[in-house]
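**Q** Pasting in a structure now, in structure tokens, and then I'll have a few things to ask.
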Amino acid sequence: MSSTVGLLTCITCRVGFHDMELQRDHYKSDWHRYNLKRKIVQLPPVTVENFQERVEAQEASQAAGDKNVTHYCSICKKTFGNDKALQNHLVSNKHLEAVKDISVKDGVQTPTDVEMKPEGVAPPTDDTVKVEEKKRGKNFPVEEPIPLIKVSEKKVEMDVEEVDDEDWEEVEGDPIPITNCLFCEKESRDSEKNLTHMSTAHSFFIPDAEYCVDVEGLLEYLGSKVGEGMMCLWCNERGKSFYTLQAAQQHMRDKGHCRMIHDGEALFEYTDFYDYSSSYPEEEQGNPDEIYQPEPAHFNENMQLVLPSGVTLGHRALKIYYKQYVRPSSQLVMSRQTKRSKILQQYKAIGYGETPLSLAQQKHRDQKYFKFVRDKYRMKLGIKGNSTKQTYFRRQVQF
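Residues 3 to 401 in this note's numbering are what the sequence shown lists, from first letter to last.
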């Protein structure tokens with residue numbers, strides 16, 4: 003009894019071990035796996051000697067079968083010693099050209115390219131095929147080759163439609179509705195609830211909310227940037243690009259970019275959604291028909307355009323240097339949001355104050371100058387394409 007204490011056993015193979023390492027190696031052996039399969043079908047296990055005899059018998063039969071079988075290509079009339087050599091031959095240019103020549107010449111489907119034959123058997127001839135047909139009788143007819151339809155290469159080329167690079171559509175996402183959060187999958191009842199959620203959950207506020215005249219339009223535009231363009235609202239086009247909406251939203255949440263940039267060059271992007279004219283009460287009392295004469299802008303020695311308000315615009319030749327974005331200082335524009343009064347009240351409750359008057363006036367001057375330059379360019383473009391500027395224009399009315 004003392005000799006059996008601490009003995010490790012395998013119930014499946016009915017053997018014992020004195021060492022745990024031997025037991026672990028046994029569980030990884032083919033003999034153990036073979037007995038497990040026999041146990042599943044309710045067969046008794048075999049001993050290790052019997053298992054080795056079965057393995058040797060299987061290897062011997064497989065080697066004999068491989069030795070007696072050769073691989074033959076009936077098209078090239080070549081015999082190969084193993085399957086790997088035959089597969090290399092089938093993908094060679096010489097074999098493919100031979101298949102193409104036979105198909106074009108005969109117009110029928112070629113017989114099986116690969117034939118497995120016992121060693122010493124010659125390729126079949128017409129006489130041997132006739133003898134085999136007689137032996138088989140009527141019950142085992144030989145299949146006739148199936149004719150192929152000849153199609154000219156010109157017709158195939160005409161059927162294939164060529165697609166230019168311009169015809170390919172870029173993969174774009176769907177714009178985010180104004181009732182859905184820009185930074186997560188939260189869906190609200192209306193745009194006001196959505197703004198409340200984004201301000202409390204993501205600290206997102208519309209800058210200069212009291213001067214925003216089209217809140218829903220701004221939300222729709224931001225939804226297009228994030229949903230279709232998969233773009234970060236703070237990095238804009240200066241940061242990395244994203245290929246999925248989830249990646250862009252995850253980036254904004256992780257980096258603290260749940261805010262829109264509304265300063266410098268980005269100010270012109272949101273011009274249509276803001277109106278800073280109320281920051282100049284004296285302008286409301288002036289003549290609305292008076293033509294605006296902006297202060298002249300000038301270039302400095304660094305190829306930069308300096309606006310009347312002091313904002314500097316860089317030349318696109320220096321784009322590579324401006325893309326080296328430095329983390330901004332803490333002196334940022336105070337954030338706001340609006341659906342006008344309700345949104346402003348919610349922001350004030352959170353603790354956000356109004357935009358400083360000097361900052362609003364500065365943005366007003368910049369936007370006014372931007373609109374003046376844009377309207378001037380549009381007028382110049384319209385006059386250039388006007389039919390009255392044609393050289394051989396003939397008046398339709400005779401006076």
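Glycine residues also receive a C-beta, built at the ideal position from the N, C-alpha and C atoms.
Quick check: the stretch 197–205 against the stretch 237–253, are there 3 or more CB pairs under 8 angstroms?
**A** No: fewer than three Cβ pairs fall under 8 angstroms.
**Q** Check each candidate in GLU51, LEU220, TYR278 and SER280 and name the one with the smallest Cα separation from ILE263.
**A** If we check each option's Cα against that of ILE263, LEU220 comes out closest.
**Q** Taking all protein chains shown into account, decide if ALA211 is buried (16 or more other Cβ within 10 angstroms of its Cβ) or exposed.
**A** It is buried - the Cβ of ALA211 has at least 16 other Cβ atoms within 10 Å.
**Q** For ASP368 versus LEU309, is the C-beta spacing smaller than 9 angstroms?
**A** Yes.
**Q** Can you tell me the Cα-Cα spacing of LYS30 and GLU23, whole angstroms?
**A** If you take the alpha carbons of LYS30 and GLU23, they lie about 11 angstroms apart.
**Q** Let's see if you can read the secondary structure: which residues bound the beta strand (DSSP E) around GLY18?
**A** Counting along the chain, the beta strand (DSSP E) containing GLY18 begins and ends at 17–19.
**Q** Give the C-beta separation of HIS366 and TYR272 to the nearest angstrom, bearing in mind that I take them to be a contact with Cβ-Cβ under 8 angstroms.
**A** Incorrect: roughly 13 angstroms between the Cβ atoms, too far for contact.
**Q** Might you give, ordered along the chain, the residues of its own chain that have their beta carbon closer than 7 angstroms to the beta carbon of ASP406, omitting 5 neighbours on each side?
**A** No information on residue 406 is available, as it lies outside the stretch 3 to 401 that the chain covers here.
**Q** Going along the chain, which residues of its own chain have a beta-carbon closer than 7 angstroms to the beta-carbon of SER205, five neighbours each way excluded?
**A** Answer for SER205: CYS260, listed in chain order.
**Q** Terminal residues of the continuous beta strand (DSSP E) containing LEU2?
**A** Coverage of the chain is limited to positions 3 through 401, which leaves residue 2 absent and any answer about it impossible.
**Q** With DSSP collapsed to three states, give me the class of VAL158.
**A** Low per-residue confidence applies at VAL158: pLDDT is 38, beneath 50, and the placement is therefore not dependable, though the value from the model is reported in the following sentence. VAL158 falls in the helix class under three-state DSSP.
**Q** I'd like to confirm the pairing. Which residues does DSSP put opposite TYR276 in its beta bridges?
**A** The partner list for TYR276 (beta bridge, DSSP) reads CYS214.
**Q** Can you check whether the CB of VAL228 is closer than 9 angstroms to the CB of ILE178?
**A** Yes, they are a contact pair.
**Q** Tell me which residues share the same chain as THR11 and place their Cβ nearer than 8 angstroms to its Cβ, disregarding the 5 neighbours each side in the sequence.
**A** VAL17, GLY18 and PHE19.
**Q** When you compare each of THR181, GLN54 and THR314 to VAL217 by their alpha carbons, which one comes out closest?
**A** Considering only alpha carbons, the answer is THR181.
**Q** Sort GLY384, TYR276 and LEU184 by Cα distance to ARG255 and report the nearest one.
**A** The shortest Cα separation from ARG255 among GLY384, TYR276 and LEU184 belongs to LEU184.
**Q** Taking only three categories from DSSP, how would you classify GLU187?
**A** Correct three-state label for GLU187: coil.
**Q** Which residues bound the beta strand (DSSP E) around LEU315?
**A** That run of the beta strand (DSSP E) goes 314–316.
**Q** Which residues share a DSSP beta bridge with LEU235?
**A** Paired residues: none, contrary to the question.
**Q** Going straight from the alpha carbon of HIS15 to that of TYR36, what length do you get?
**A** Rather than His, the amino acid found at residue 15 in this sequence is Cys. The alpha-carbon atoms of CYS15 and TYR36 are separated by roughly 9 angstroms.
**Q** How about LEU247 and GLY316: do their beta carbons lie closer than 9 angstroms?
**A** In this structure, GLY316 does not lie closer than 9 angstroms to LEU247 by Cβ.
**Q** Who does ASN182 pair with in a DSSP beta bridge?
**A** DSSP, once it has assigned bridges, lists GLU189 as partnering ASN182.
**Q** Provide the residue span of the alpha helix (DSSP H) that contains TYR245, from first to last.
**A** Counting along the chain, TYR245 falls outside any alpha helix (DSSP H), and DSSP gives it neither H nor E.
**Q** Can you give the Cα-Cα distance for TYR324 and VAL313, rounded to whole angstroms?
**A** Distance between the alpha carbons of TYR324 and VAL313: 15 angstroms.
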